[in-house]
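J.: One structure, pasted below without further comment.
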Amino acid sequence: MVYPKPYLWEENKALSFFEIYRKICGHYSVNPFISREMIALIFFEETGFSNVRQNRGTGPAVGFGQMEIYNHDKIPFFEWLGFNSNRWDRKSPLRLITPEQITNDNDLSVKITCKYFDWLLGVKGKSTMGALEAQTGGGANRTIIPCWLNAERELKSVIRSGDRMKLIRALNMARSGGPHPNPIKYEWYQAYWEFTVPNNPQAWRIAA
C-alpha cells in the first residue's frame, strides 16, 4: 500500500510510468508536433498517472488526461472516435461515453487522450501550441505550457538512461509551474515513486 500518497491519487486506479508509456506507444504514432513524451507528461501533471475523475468523482474532468468529456467542443471529437458525448442527443446511433466507462478502462483512458491529439493535429490542423492550449482549456492554465515543453526536452534525454532520479526530476518539471505548481517531491512521497518509477532494470525496456 502506497502511503503517504499525493492528493487525489488512487493506487487501485494508477499505472507506473513505464506501463502508461507502453500504452501511449500502442495508441499514438511518433509525431513531430506532439510527442509521446509530452502525452506522458500531461498525464503526470494532471493526475500523477491515476485514472480518476476530478474532485473525487464529482468534477467534469475524467481519466489520466482529465478531459472534460461533455464540453460542447468535444462532441465532434468523440463522434470521430465513435462515441456520443452529447447527453441530450437521444437519437445518436453512437454509444454515450461515460466517466465510469473511462475510469474503469485504463486502455481506453489512454487511447482517448492519444486520439484527441491525433484529431487536433490531423483533423483540426492545430499547431503544437494550439493543441496544447486545447488540452489546458485556455486562460491562466495556458501558463503551464512552457513547463511542459521544458519537461519534454528533459524527459526525452533521460527516458532510456536507467537513472530513476533523472526521470523523476523530468516528470516533476511538468508540475513545477503554471497557476498551481505541485511537484510530487521524492523526499515526501518515496512510496509513490517506488510505485511510479520502480527501481527495476526490466521496467526500462520500454517501447521504441
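In terms of this note's numbering, the sequence shown opens at residue 511 and continues consecutively.
C-beta: ideal position from N, C-alpha, C; glycine also.
Quantities reported herein were computed from a predicted structural model and do not represent experimental measurements.
Would the stretch 545-556 count as touching the stretch 522-536 if we require 3 or more Cβ pairs under 8 Å?
T.: Segments in contact, yes.
J.: Answer with yes or no whether the minimum CB distance from F705 to chain B is below 8 Å.
T.: The structure shown contains no chain B; it is built from a single protein chain.
J.: Contact defined as beta carbons within less than 8 Å: I believe F587 pairs with N594. What is the distance between those atoms, to the nearest angstrom?
T.: That pair is no contact at about 11 Å.
J.: State the beta-bridge partners of V572 as determined by DSSP.
T.: Note: V572 sits in a beta bridge opposite R563, M577.
J.: Span of the alpha helix (DSSP H) holding K676?
T.: 674-683 is the span of the alpha helix (DSSP H), which, as asked, contains K676.
J.: Alpha carbon to alpha carbon, how far is N616 from E556?
T.: Straight-line Cα distance between these residues: approximately 15 Å.
J.: Is it the case that the Cβ atoms of N651 and G687 are separated by a distance below 8 Å?
T.: Their beta carbons are not under 8 Å apart, which means N651 does not touch G687 by this criterion.
J.: Among all the DSSP beta bridges, which residues are the ones paired with F588?
T.: The partner list for F588 (beta bridge, DSSP) is empty, contrary to what the question assumes.
J.: Quick one: any contact between the stretch 619-628 and the stretch 569-583, if contact means 3 or more CB pairs under 8 Å?
T.: Contact holds: three or more Cβ-Cβ distances are below 8 Å.
J.: What are the start and end residues of the alpha helix (DSSP H) that includes M548?
T.: Where M548 is concerned, the enclosing alpha helix (DSSP H) stretches over 546-557.
J.: Under a Cβ-count criterion, where at least 16 other Cβ atoms within 10 Å of its own Cβ denotes burial, should N561 be classed as buried or exposed?
T.: By the neighbour-count rule (16 or more Cβ atoms within 10 Å), N561 is buried.
J.: Apart from the five residues just before and just after Y513, which ones in its own chain have a Cβ nearer than 7 Å to its Cβ?
T.: Excluding residues within five positions, the ones whose Cβ falls inside 7 Å are A701.
J.: Tell me whether the beta-carbon of M683 lies closer than 8 Å to the beta-carbon of N709.
T.: Not a contact, by the Cβ cut-off of 8 Å.
J.: Using the three-state DSSP reduction, which class does R605 fall into: helix, strand or coil?
T.: Strand, per DSSP.
J.: Quick one: using the 10 Å Cβ neighbour count with 16 as the cut-off for buried, is K634 buried or exposed?
T.: The residue is exposed, with fewer than 16 neighbouring Cβ atoms inside 10 Å.
J.: Beta-carbon within less than 6 Å of P489's beta-carbon, same chain only, minus the 5 sequence neighbours each way: which residues are those?
T.: Since the first residue of the chain shown is 511 and the last is 718, residue 489 is not available in this structure.
J.: Does the distance from the C-beta atom of N596 to that of I585 stay below 8 Å?
T.: Yes, the pair counts as a contact, with Cβ atoms nearer than the cut-off.
J.: Decide if E662 is buried, meaning its Cβ has at least 16 other Cβ atoms within 10 Å, or exposed.
T.: When all chains shown are included, E662 counts as buried.
J.: Could you round the C-beta distance between E521 and M511 to whole angstroms and report it? I think they count as a contact, below 8 Å.
T.: So it is a contact: roughly 7 Å between Cβ atoms.
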